[in-house]
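Trainee: Structure provided below as structure tokens; questions to follow.
Numbering (full-length UniProt numbering), first residue to last: 1 to 158.
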């Protein structure tokens, strides 16, 4: 997997938090992680297809998920991760991956990607990536919450 495949997701996540929520996101140390991915309390999994294949996993604590939901809903308190909160979280990460598709067109050679509908997982789970190599990018939010971005992609472009 090329390291440049993580940049569109980082850029999109930061851009959305900055432009929509007026908040900065700090990027932690990027590392290669071994399988399996051990998720936090909650995670959202989005498949990537077309010129790339693989998965993107956004893992976070319940409090970080509530913070993101609350931020999306203009500060409204989120007491639990109910159906509405799950929908908001899935839509947020769908938004991140959808926006990243634009940035993949600027890679040399350009890559077209399609994304699958997001899947929401509650509770600690182990996940194995078919693409092999997994890069981990910690995304630190202003409330000190962290979203762990796992990227496992391989190119189908020759």
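Glycine residues also receive a C-beta, built at the ideal position from the N, C-alpha and C atoms.
#1: According to DSSP, what are the bridge partners of residue 47?
#2: Which first and last residues belong to the alpha helix (DSSP H) in which residue 96 is found?
#3: Along the alpha helix (DSSP H) that carries residue 19, what are the first and last residues, could you check?
#4: If you check the beta carbons only, do residue 8 and residue 103 fall under 8 Å apart?
#5: In terms of residues, what are the limits of the alpha helix (DSSP H) holding residue 64?
#6: Distance check for residue 99 and residue 105, CA to CA, integer angstroms please.
#7: Let me confirm a value: residue 65 is counted as buried when at least 16 other C-beta atoms fall within 10 Å, else exposed. Which label applies?
#8: Determine the DSSP secondary structure at residue 148, reduced to helix, strand or coil.
#9: Taking residue 121 as part of the beta strand (DSSP E), name the residues at either end of that continuous run.
#10: Quick one: what's got a C-beta closer than 8 Å to residue 36's C-beta in the same chain, skipping five residues either side?
#11: Could you tell me the alpha carbon to alpha carbon distance between residue 137 and residue 76, rounded to whole angstroms?
#12: Could you have a look at residue 4 and say whether DSSP puts it in helix, strand or coil?
#13: With DSSP as the reference, label residue 36 as helix, strand or coil.
#14: Is it a yes or a no for the segment 22 to 37 touching the segment 112 to 120, going by three-plus beta-carbon pairs under 8 Å?
#15: So, for residue 94: in the same chain, excluding its five sequence neighbours on each side, which residues have a beta-carbon less than 8 Å away from its beta-carbon?
#16: What residue range is occupied by the uninterrupted beta strand (DSSP E) comprising residue 138?
Mentor: Let me spell this out:
#1: Residue pairing from DSSP places residue 47 in a beta bridge opposite 55.
#2: Counting along the chain, the alpha helix (DSSP H) containing residue 96 begins and ends at 83 to 104.
#3: That run of the alpha helix (DSSP H) goes 7 to 21.
#4: Result yes, Cβ atoms of residue 8 and residue 103 sit closer than 8 Å.
#5: That run of the alpha helix (DSSP H) goes 62 to 72.
#6: CA-CA distance, residue 105 to residue 99, rounds to 11 Å.
#7: The residue is buried, with at least 16 neighbouring Cβ atoms inside 10 Å.
#8: Three-state DSSP puts residue 148 in a strand.
#9: Under the DSSP assignment, residue 121 falls in the beta strand (DSSP E) whose first and last residues are 119 to 122.
#10: In its chain, beyond the 5 residues on either side, 126, 127 and 128 have a beta carbon closer than 8 Å to the beta carbon of residue 36.
#11: Approximately 28 Å between the Cα atoms of the pair.
#12: Residue state, collapsed to three classes: helix.
#13: Here residue 36 sits in coil by DSSP.
#14: These segments do not touch.
#15: Same-chain partners within the cutoff: 46, 115, 117 and 118.
#16: That run of the beta strand (DSSP E) goes 134 to 140.
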